[in-house]
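Residue numbers (the working numbering), protein chains in the order written: chain A, 1 to 874; chain B, 1 to 109. Glycine included, every Cβ here is placed at the ideal spot set by N, Cα and C. Right, one structure below, let's go through it.
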Amino acid sequence: MKETPDIKPPKWADRFFEWYCRNELTESIQGDLHERYEAYLSSLSKRKADSLYWRDVLLFMNRHTLRRTYTRQLKTNWITMFNNYTLVAFRNILRNKAFTGINVLGLSVSMSICLVIITMINDQTSYDDFHKNGDQIYRVTHRRSTGVDLAIATVPAPLGKKIREEFPGVEDVVRFRRGVSGEILDNGKAIAINGLFTDTEFFDLFQFELRSGDRSTALDDPFSIILKRDIAEKFFKTQDPMGQTLLIEGLGQFKVTGVLEEFPGKSHLEFQALASFSTVPLLENQGKLSDLSNSWDKASASWLYFKAEQKESLRDLQVYLDELTDEFYNEESEFTATFFLQKMTDITPGPLMGNQIGQSMPNFFVYGLIVLAFLIMICATLNYANLSTARAITRLKEVGIRKVMGSTRPQLIFQFVLEAVLISLIALAVAILLLNVMLIPAFEQLSISSILGWELVPDLNIYLQFVLFSMLTGIFTGFFPSLYMASVQAIQALKGARIPKMSRVGLKKSLILVQLVISVILIISSSLVHRQIKYMITRDYGFEKDNILNIDLQGQDFQLLKTELEQVSFVDKVSGANNIPSIGRHDDIKVRRFVSDEQLEFNYFSVDENYVDNLDLQLLAGSNFNPSISGSHRQLMINEQALKTLGFEDPSEAVGVNLILEDSTSSKIIGVVKDYNFMMLYMDIKPLILQHHPEEFEWAQVKLASNPSINQITQLEHIWSKLDPNHDLEFEFFDEQIEDFYSTFYDIVYIVGLVSILSMVIAGMGLLAIATYTVRIRLKEVGIRKVLGARPGDIVILLGKGFFVLILVGTLIGSSLSFLGNKAWLDLFAYRIDFGLDIMGIAFLFVLTVTVLTIGIQALKAVETNPSEILRNE
Amino acid sequence: MRFNLGEFEEIVLLIVAAQHNEAYGMSVTNVIEEELKRPVTLSSVHTALYRLEEKGLISSGIGGTTKSRGGRRKRIFNITAAGKEALLEARNARSRLWSLIPHFVFGES
Chain A
1 MKETPDIKPP KWADRFFEWY CRNELTESIQ GDLHERYEAY LSSLSKRKAD SLYWRDVLLF
61 MNRHTLRRTY TRQLKTNWIT MFNNYTLVAF RNILRNKAFT GINVLGLSVS MSICLVIITM
121 INDQTSYDDF HKNGDQIYRV THRRSTGVDL AIATVPAPLG KKIREEFPGV EDVVRFRRGV
181 SGEILDNGKA IAINGLFTDT EFFDLFQFEL RSGDRSTALD DPFSIILKRD IAEKFFKTQD
241 PMGQTLLIEG LGQFKVTGVL EEFPGKSHLE FQALASFSTV PLLENQGKLS DLSNSWDKAS
301 ASWLYFKAEQ KESLRDLQVY LDELTDEFYN EESEFTATFF LQKMTDITPG PLMGNQIGQS
361 MPNFFVYGLI VLAFLIMICA TLNYANLSTA RAITRLKEVG IRKVMGSTRP QLIFQFVLEA
421 VLISLIALAV AILLLNVMLI PAFEQLSISS ILGWELVPDL NIYLQFVLFS MLTGIFTGFF
481 PSLYMASVQA IQALKGARIP KMSRVGLKKS LILVQLVISV ILIISSSLVH RQIKYMITRD
541 YGFEKDNILN IDLQGQDFQL LKTELEQVSF VDKVSGANNI PSIGRHDDIK VRRFVSDEQL
601 EFNYFSVDEN YVDNLDLQLL AGSNFNPSIS GSHRQLMINE QALKTLGFED PSEAVGVNLI
661 LEDSTSSKII GVVKDYNFMM LYMDIKPLIL QHHPEEFEWA QVKLASNPSI NQITQLEHIW
721 SKLDPNHDLE FEFFDEQIED FYSTFYDIVY IVGLVSILSM VIAGMGLLAI ATYTVRIRLK
781 EVGIRKVLGA RPGDIVILLG KGFFVLILVG TLIGSSLSFL GNKAWLDLFA YRIDFGLDIM
841 GIAFLFVLTV TVLTIGIQAL KAVETNPSEI LRNE
Chain B
1 MRFNLGEFEE IVLLIVAAQH NEAYGMSVTN VIEEELKRPV TLSSVHTALY RLEEKGLISS
61 GIGGTTKSRG GRRKRIFNIT AAGKEALLEA RNARSRLWSL IPHFVFGES
């Protein structure tokens with residue numbers, strides 16, 4: 001046998017073996033294993049021998065060798081011990097109020113965010129969970145060859161008929177077709193309605209119940225309509241709606257054949273009314289709906305749902321759909337659709353899709369939330385663990401005594417985990433309070449939450465999830481510190497033990513560095529977002545938006561209204577327009593100077609002669625519209641950008657020039673206005689054409705002498721109702737309208753701000769933990785220094801120096817990362833703020849304050865300790 | 001049969017008896033592999049040893065060490081009186097069965 005004293009078997013295999021093997025057998029078996037390993041080495045390569053060694057170690061695991069569990073111990077005292085642990089835990093919680101407070105605060109802040117996320121996910125997954133056989137319901141979707149590469153929830157209209165007639169494998173094929181929309185006149189008031197056409201099988205497929213009406217026949221006859229309960233009450237008040245007729249403008253007379261029960265839960269299907277599908281061909285013949293019965297190349301108005309009891313029929317249907325694709329589209333066709341099947345339970349939350357039937361939250365959002373919750377909890381947990389180990393010294397004597405009295409490792413672990421669970425349950429109570437008092441009201445105010453229909457109402461089931469979540473958090477957070485506590489030897493613990501080695505401080509520091517970096521990034525980003533939005537909203541728009549009231553014409557004649565309004569004393573001026581500037585709506589028009597030129601795409605607003613004055617636009621050259629001359633709609637005004645694009649040097653050059661519009665009419669430029677921000681604020685100003693087209697007006701912009709009083713508004717409403725008794729006056733203040741438009745940005749500021757405060761709390765906890773820890777380790781050093789004459793200031797600096805470097809590095813890394821990250825979105829804005837040193841400074845100061853507070857207090861504590869107390873035992 | 005000995009157990013027990021006072025896991029394995037040309041894993045030998053010990057056929061104690069074991073002591077196995085009885089019984093049972101085989105079966109004239 002070759003002598004190979006240097007070559008050792010794999011260390012990890014040995015460790016693993018030692019871990020699982022019973023102590024009394026370990027030595028002899030391991031000796032045999034090593035002999036065997038040498039035998040391998042004499043004939044095989046080291047790698048081969050190593051793997052054989054691993055095999056041997058693994059094979060040794062059996063009932064003879066595995067460690068015995070503690071089953072043989074006395075079980076009777078568990079209940080007594082449990083009582084004792086709870087008692088000691090409560091005593092500890094009460095004794096160290098500061099420590100408990102910090103832990104509870106840190107945990108509850110992070111936990112409350114997780115609770116919001118849990119509630120939100122519950123809300124999202126509650127969609128359509130009330131349908132019987134809901135997991136057998138599918139719909140057909142498609143992807144198209146042109147346009148965006150996104151699955152689209154609608155299908156070509158003829159597909160439904162085709163499947164209903166030709167494919168027998170699936171049941172309850174239900175078509176939906178949009179188009180039950182229009183206004184209904186009711187008591188002289190017009191109310192808009194929005195609904196879907198659908199088949200009778202609707203009630204077989206979905207679990208919607210009828211309050212009145214017969215579900216098997218309600219949708220049979222043409223021009224039958226079923227209303228949701230609130231809609232029915234709106235129209236018919238206390239009368240029985242059954243059998244009544246509704247005249248929907250543009251569609252015809254419908255007979256009410258049913259009223260729907262309240263929905264049993266949330267559904268991705270959104271509608272106010274359902275009309276019988278047999279109405280569709282009739283309306284198509286009358287030209288009231290566009291005839292799609294044979295259009296395979298239009299796929300944006302119909303949805304198709306069905307039930308499949310067997311998985312096989314899905315496969316067959318997919319084959320059938322692929323055949324249809326080949327049949328109706330070929331390589332030359334401009335539009336090609338490929339069909340896919342989607343399970344109803346995968347719709348919301350589900351993949352991002354176009355043409356959804358209602359609002360639906362994309363699933364990546366849900367996954368993102370889950371990841372966020374995990375990250376938050378991991379940070380909070382690690383900090384808790386750090387803080388507990390830092391404080392462990394005070395508990396070591398107790399551990400020592402317990403060990404001497406016969407506590408086993410699992411018992412000690414259980415004790416400390418129990419304590420952590422208790423703290424985490426207290427934190428849960430605080431978190432639930434935070435959730436209900438602050439977070440839910442705050443989230444409900446966010447405009448996205450109303451857009452996406454979030455309902456954050458925790459019910460019993462969700463509260464149970466909360467408790468489960470917090471117990472898991474407690475077990476997780478308590479486990480690591482408890483391992484350390486239980487592993488300390490009794491004798492060491494009683495001797496007034498050494499604190500664990502410094503080797504893990506490096507790890508802790510880098511952990512805190514990461515947290516600091518994240519906080520700095522978040523602080524900088526949220527203040528940047530905030531500034532950018534402030535900047536955009538308070539920016540000079542190039543037009544006047546104060547004291548202007550925008551009135552939605554709702555089909556009312558503009559001239560009539562204008563004449564009426566101009567007689568009111570507090571109305572300055574009235575102008576008309578087809579769109580309101582700066583809230584993201586505009587039209588395009590193609591323009592060229594000569595027939596031979598390439599067509600240019602300009603933005604286009606239709607306005608009148610008062611527009612320039614009303615919005616206080618500056619006329620650079622030429623004149624305003626003159627409505628009195630004939631052919632006034634052939635007059636154009638352009639902005640400076642358009643001037644440049646058309647190649648004019650000077651505004652006066654352009655005046656009098658003719659342009660050819662896309663309908664090949666020629667129009668004359670009569671004036672040039674200074675650029676103003678008619679687009680969304682983050683976009684550059686584009687070339688613009690103003691045209692005088694009063695028939696296109698949809699808005700009256702009313703300039704008032706001052707901010708209007710309630711009385712004045714009532715006066716305006718009175719004038720309006722004289723002209724149009726059917727509609728209510730709908731108006732908005734221009735400046736508010738613009739602010740509303742940017743409210744989503746405020747949501748982002750709000751969320752980012754919240755998360756940055758949260759991350760700062762967590763990072764602060766981390767700092768506090770490591771500060772406590774370092775100070776405790778260096779307590780003796782501090783004592784000696786004091787004896788030798790160090791001043792308190794010196795000692796604070798000594799202890800704080802390391803942390804100063806830490807937060808400086810953190811701020812630098814955080815700032816540079818956030819510079820890169822924020823530049824990406826800031827560059828999308830045409831008008832943006834600068835990323836200045838001041839923002840970095842603010843972030844640094846903020847972090848510094850938190851650090852000084854956490855570390856300073858610990859350092860001062862150390863300074864104030866009497867050296868004789870620390871050094872007494874030396 | 002009073003002692004329910006498996007075939008492998010019997011071999012192991014025989015080797016333990018043969019290596020009087022010097023039998024331990026690795027030595028038994030070596031004999032099985034070298035003398036009987038039968039590949040065997042260390043753990044199965046150990047398992048057999050422990051099982052025999054449970055049945056009271058062998059006893060174990062801590063013994064000396066060698067250099068290649070890195071100072072770890074051996075667990076030395078010795079056959080007990082019951083073990084000896086079991087081996088004898090097994091041998092007698094076999095010879096009885098052998099004696100029942102007619103001569104012509106093995107072709108002896």
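Under the assumption that residue i contacts residue j (Cβ atoms under 8 angstroms), give the Cβ distance between them as a whole number of angstroms.
| i | j | result |
| --- | --- | --- |
| Ile551 of chain A | Ala700 of chain A | 4 angstroms |
| Ala273 of chain A | Ile226 of chain A | 6 angstroms |
| Gly182 of chain A | Gly287 of chain A | Actually they are not in contact, since the Cβ atoms of Gly182 of chain A and Gly287 of chain A sit about 15 angstroms apart, beyond 8 angstroms. |
| Ala299 of chain A | His142 of chain A | 6 angstroms |
| Ala427 of chain A | Leu758 of chain A | Contact flag wrong, Cβ pair sits at about 14 angstroms. |
Please name the residue, chosen from the options, that lies closest to residue i on a Cα-to-Cα basis.
| i | options | result |
| --- | --- | --- |
| Asn658 of chain A | A:Ser666, A:Pro651 and A:Glu262 | A:Ser666 |
| Asn707 of chain A | A:Phe374, A:Phe733, A:Asp221 and A:Asn547 | A:Asn547 |
| Glu35 of chain A | B:Pro39, B:Lys37, B:Asn30 and B:Glu35 | B:Asn30 |
| Asp597 of chain A | A:Ser575, A:Gln556 and A:Gly647 | A:Gly647 |
| Val673 of chain A | A:Glu698, A:Tyr611, A:Ser632 and A:Ala771 | A:Tyr611 |
| Thr645 of chain A | A:Pro241, A:Val607, A:Phe835 and A:Gln599 | A:Gln599 |
| Tyr367 of chain A | A:Gly453, A:Gln532, A:Gly350 and A:Met760 | A:Gly350 |
| Glu696 of chain A | A:Val787, A:Glu717, A:Thr774 and A:Ser606 | A:Ser606 |
| Leu513 of chain A | A:Pro10, A:Phe416, A:Ala763 and A:Leu560 | A:Ala763 |
| Ser126 of chain A | A:Val847, A:Glu455 and A:Lys508 | A:Glu455 |
For residue i versus residue j, is the C-beta spacing smaller than 9 angstroms?
| i | j | result |
| --- | --- | --- |
| Ile93 of chain A | Ile423 of chain A | yes |
| Gly358 of chain A | Leu269 of chain A | yes |
| Glu284 of chain A | Ser276 of chain A | no |
| Asp588 of chain A | Asn578 of chain A | no |
| Val850 of chain A | Leu754 of chain A | no |
| Leu902 of chain A | Asn822 of chain A | The shown model of chain A, from 1 to 874, leaves out residue 902 of chain A, and the question about it has no answer. |
| Asn626 of chain A | Gln618 of chain A | no |
| Ser525 of chain A | Val752 of chain A | yes |
| His131 of chain A | Met344 of chain A | yes |
| Ile855 of chain A | Phe819 of chain A | no |
| Ile638 of chain A | Ile669 of chain A | yes |
| Ile152 of chain A | Arg144 of chain A | yes |
| Gly195 of chain A | Val259 of chain A | no |
| Leu247 of chain A | Asn726 of chain A | no |
| Pro158 of chain A | Ser333 of chain A | no |
| Ser112 of chain A | Val430 of chain A | yes |
Excluding the 5 residues flanking residue i on each side, which residues of the same chain have their C-beta closer than 6 angstroms to its C-beta?
| i | result |
| --- | --- |
| Ile76 of chain B | Tyr24, Gly61 and Gly63 |
| Glu544 of chain A | Leu615 and Asp616 |
| Pro687 of chain A | Phe602, Gln641, Ala642 and Thr645 |
| Arg872 of chain A | none |
| Ile163 of chain A | Val173 |
| Met698 of chain A | Position check: residue 698 of chain A holds Glu in this sequence, whereas Met was assumed. Counting only Cβ-Cβ distances below 6 angstroms, and skipping sequence neighbours, we find Leu553 and Asn578. |
Tell me which same chain residues have a C-beta within less than 8 angstroms of the C-beta of residue i, skipping the five on either side of it?
| i | result |
| --- | --- |
| Met1 of chain A | For Met1 of chain A, the predicted model reports a pLDDT of 41, less than 50, meaning its position is unreliable; a value from the coordinates is still stated below. Within the same chain, Met1 of chain A has close Cβ partners Glu38, Ala39 and Ser42. |
| Ser503 of chain A | Low confidence applies here, because Ser503 of chain A scores a pLDDT of 48, under 50, leaving its location unreliable and the question unanswered by this model. |
| Thr80 of chain B | Gly56, Leu57, Ile58 and Ser59 |
| Ile748 of chain A | Val529 |
Please return the same chain residues whose Cβ sits closer than 7 angstroms to the Cβ of residue i, not counting the five positions on each side in sequence.
| i | result |
| --- | --- |
| Leu704 of chain A | Asn547, Leu549, Phe570, Val571 and Asp572 |
| Thr4 of chain A | Note that Thr4 of chain A has pLDDT 45, beneath the 50 cutoff, so the model's placement of it is unreliable and no number is given. |
| Val88 of chain A | none |
Please compile the residues from chain C whose C-beta is within a distance smaller than 7 angstroms of the C-beta of residue i.
| i | result |
| --- | --- |
| Leu33 of chain A | Absence of chain C from the displayed structure is noted, the protein chains being A and B. |
> Counting Cβ pairs closer than 8 angstroms, one from the stretch 386-393 of chain A and one from the stretch 476-492 of chain A, do we hit at least three?
Replying inline: yes
> With a cut-off of 8 angstroms, do at least 3 Cβ pairs link the stretch 79-89 of chain B to the stretch 36-48 of chain B?
Replying inline: no
>> Quick check: the stretch 770-786 of chain A against the stretch 857-867 of chain A, are at least 3 beta-carbon pairs closer than 8 angstroms?
In response: yes
> Counting Cβ pairs, one atom from each stretch, are 3 or more of them under 8 angstroms apart for the stretch 46-57 of chain A and the stretch 6-17 of chain A?
Replying inline: yes
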